[in-house]
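If you count the sequence shown from 1, position 133 lands on 133 in the UniProt record's numbering, and the numbers rise without skipping.
One structure below.
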Amino acid sequence: MIERRSPVLTYIVLTVFLLLVITPFVWMILGSVKTQGELLRVPPTWLPEEPTWDNFRRLFDRPFAQYFRNSAVVAIAVTLGNLFFSSMFGYALAHLQFPFKRALFILVLLCLMIPGLVTFIPQYVLVVNLGLANTIPALILPFLVQPFSVFLMRQFFLGLPRELLEAGRIDGVGEVAIFFRIYLPLAGPAFATLGILTFLGSWNNFLWPLVVSSDESTYTLPVALALISTGQNQTDYGLLLAGATLIVLPILIVFLFFQRHFIQGIATTGIK
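Pasting the structure below:
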């Protein structure tokens with residue numbers, strides 16, 4: 001009797017949590033086609049009484065394509081940089097022998113423990129001194145390599161059979177060739193996991209672009225949406241929800257495309 005009820009109870013609990021997760025997104029999508037008056041109505045309405053695409057039209061009256069392009073360039077560059085540099089760094093920490101290797105790994109772990117706000121001001125001062133303030137490179141360079149990315153790739157490479165490395169060395173293959181021809185093709189699950197997490201963090205990054213960018217030509221989507229939807233007296237919630245809906249779509253597409261590899265990467269990346 002207990003065995004028959006357990007799956008039903010599990011499905012009920014999972015369904016409840018699923019509804020809790022998707023409800024804000026459904027509200028966001030439905031709110032994007034509501035008028036400002038209906039959004040401010042008390043009690044609120046669930047389904048729009050008079051659906052309108054005016055919020056999206058007003059959004060595209062702005063240079064939305066430029067904001068989208070800036071966010072895409074920054075997110076893709078940061079993601080590719082982390083995949084390339086962090087995989088090399090992680091491979092070195094996992095399988096190469098060099099002086100101060102253990103100390104360097106401890107330093108990576110210490111960097112993981114430091115809150116981002118602690119390094120915020122030093123990073124900003126460095127970017128300003130380099131003359132990169134209010135430029136797209138200023139949004140990319142500080143995030144090309146991150147401690148979590150290095151740690152994740154190191155743990156993944158440690159989980160791969162070391163016999164692959166020894167076989168390559170016995171055959172006289174160099175370390176660079178072993179990395180690119182043997183280990184890198186096997187890193188698909190880790191790359192999918194790291195790519196999704198990095199893209200998500202970069203796409204949604206708000207505070208750093210807000211501080212570094214003072215010109216509209218370098219605004220990313222979160223910054224631009226926050227500034228254009230906030231008026232002198234009140235927030236334009238219809239415009240805000242329409243923009244949020246469009247911002248979520250690329251993240252959803254990326255996750256759905258790499259979902260299988262993402263789950264596999266989480267399952268296979270452990271501590272050894």
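Using N, Cα and C, we set each Cβ at its ideal position, and we do this for glycine too.
Note that the coordinates shown come from a computational prediction; the quantities given were computed from them, not determined experimentally.
Here Val212 really is in contact with Leu139; their C-beta atoms are around 6 Å apart, less than 8 Å. Contact between Phe148 and Tyr91 is absent: CB atoms are separated by about 16 Å, not below the 8 Å threshold.
According to DSSP, residue pairing for Thr230 in a beta bridge involves Thr235. Runs of the alpha helix (DSSP H) lying entirely within the stretch 2-45 and spanning at least 4 residues, in chain order: 2-31 and 36-39.
Assigned with DSSP and collapsed to three states, Thr119 falls in coil, not helix or strand. For Gly159, the uninterrupted alpha helix (DSSP H) segment begins and ends at Pro147 to Gly159. Counted as a single uninterrupted DSSP element, the alpha helix (DSSP H) harbouring Val212 occupies residues Leu207 to Val212. Secondary structure at Phe98: coil, using DSSP grouped into helix, strand and coil.
Closest option to Ser86, judged by alpha-carbon separation, among Pro209, Ile247 and Val145: Val145.
Per the coordinates, the alpha-carbon of Gly31 lies some 53 Å from the alpha-carbon of Ile178. Residue burial annotation: Asn55 is buried, with at least 16 other C-beta atoms found within 10 angstroms of its C-beta. The alpha-carbon of Tyr67 is positioned some 43 Å away from that of Arg102. DSSP places Pro137 in the uninterrupted alpha helix (DSSP H) bounded by Ile136 to Ile140. Cα atoms of Tyr11 and Leu18: separation of roughly 10 Å, rounded to the nearest angstrom.
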